[in-house]
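To convert, count from 1 in the sequence shown and add 356; that's my numbering.
Every residue gets a Cβ at the ideal spot worked out from N, C-alpha and C, and that includes glycine.
Computed from a predicted structure; not experimentally measured.
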Amino acid sequence: MKQQSYCLSFVLLLLLLSSTAQSQGTPATNPASQDSVISIYYENIRENAPFFNGAEYTGHGQGIIGHAFFESDQPYRGWLEYDGVLYKNLDLRYDLIDDAVIIKDYSGNFYMRLNSNKIRAFGLGNYEFVQPSYGKGDFEGAGFFQRVYNGTSTVLVKRRKQVVFRTTEEKSISSYIQYNDYYVRSRNRYQVVEGNNSVLRAFSDHRSELKKFINNNKLNVRKQAELALIRIASHYDQLKNQ
C-alpha cells in the first residue's frame, strides 16, 4: 500500500509539473523541471524506492585474486533508469560475473542486487550501460552492455568476468579474469566484431572508404578494439550523413 501511495504521489507531481509548465508557456519535458520532480519523489519515498526490493548480494567467496566488479571494487556515483523512472546520485557497483547492478540497502546494512529485468539503463560515473531492445542480428545473449559510442551507428561492449583456477606444485590459485566482446550496430542490426574484416562486413555499404580510413590511420581492432571501433564508427557516420 505504501508503494502504491508513493507512486500516486509521483503521478500527481508530474501532473502538477505539466500544468505549471503549460501555464508558463514552457515545455513540460524540461529536463531541469523533471529532475526536480524526481528528486522530490525520491526524497519522499526513501527506503520505499521500488529498486530497494532485490535479493541480498553475498559476493563470490574469499581468497580470489582481484574483484568481480567493473573497473573498481568501490562504488561509483551513478544513475539508474528503473521501471521507467530515472534515479540519480546513487552509489552503484556492477558485478561482471552475475551481470548485476549492486547497491546497499537504504539503511546501509547489506548489499542487494537489483532486478535486472526492470533496469533499462544505468550509469557509473562517465560510463553508460544499456539493455538493447531493438533488432539484434548476430547479437547473442541478454544483459547489460557498455555503450561506448552512440551515433547513427552504435558500438557496444559486453564485459564479463570468470573465476579461473590454476594449480601449481605448491597451491591452487583462483583469479577474476575479464573478457570483452564487441558489437556494432549498423542499419538496425547488431553484429559481433573481432577484427578489421568483420568491421568492414558490418559497415559494408561504405567498405572501400572505411578500408582506406583504417589503413591510413593504422587502426587494428584486435589490438586496440575500443579506440579503433569508436573511430571507425564515427567515420562511418560522417560518410552516411554526407
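Exercise. Are the beta-carbon atoms belonging to D593 and S509 less than 7 Å from one another?
Worked result: yes
Exercise. How big is the Cα-Cα spacing for N553 and K567?
Worked result: 9 Å
For this session: Pull up the DSSP beta-bridge partners for N536, would you.
Result: R515
Exercise. Between which two residues does the beta strand (DSSP E) containing E484 stretch?
Worked result: Y483 to V486
Exercise. Taking just the CA atoms, how far does F501 sit from G415?
Worked result: 21 Å
Problem set entry | Option nearest Y438 by Cα separation, candidates I475, R587 and Q518 | I475
Exercise. Nearest to E682 by alpha carbon, out of N597, T524, E525 and K579?
Worked result: Limits of the chain in this structure are 357 at one end and 598 at the other, which puts residue 682 out of reach.
For this session: Following the continuous beta strand (DSSP E) through R449, name the residue where it begins and the one where it ends.
Result: V441 to D451
Problem set entry | Where E460 sits in the DSSP three-state scheme | Correcting the residue identity first, residue 460 is Lys in this sequence and not Glu. It is a strand residue.
Exercise. Are Y532 and A424 touching if we call contact CB-CB under 7 Å?
Worked result: yes
For this session: Give me the Cα-Cα distance between V555 and L595, rounded to the nearest whole angstrom.
Result: 15 Å
Exercise. Between the C-alpha atoms of V513 and S542, what's the straight-line distance to the nearest angstrom?
Worked result: 15 Å
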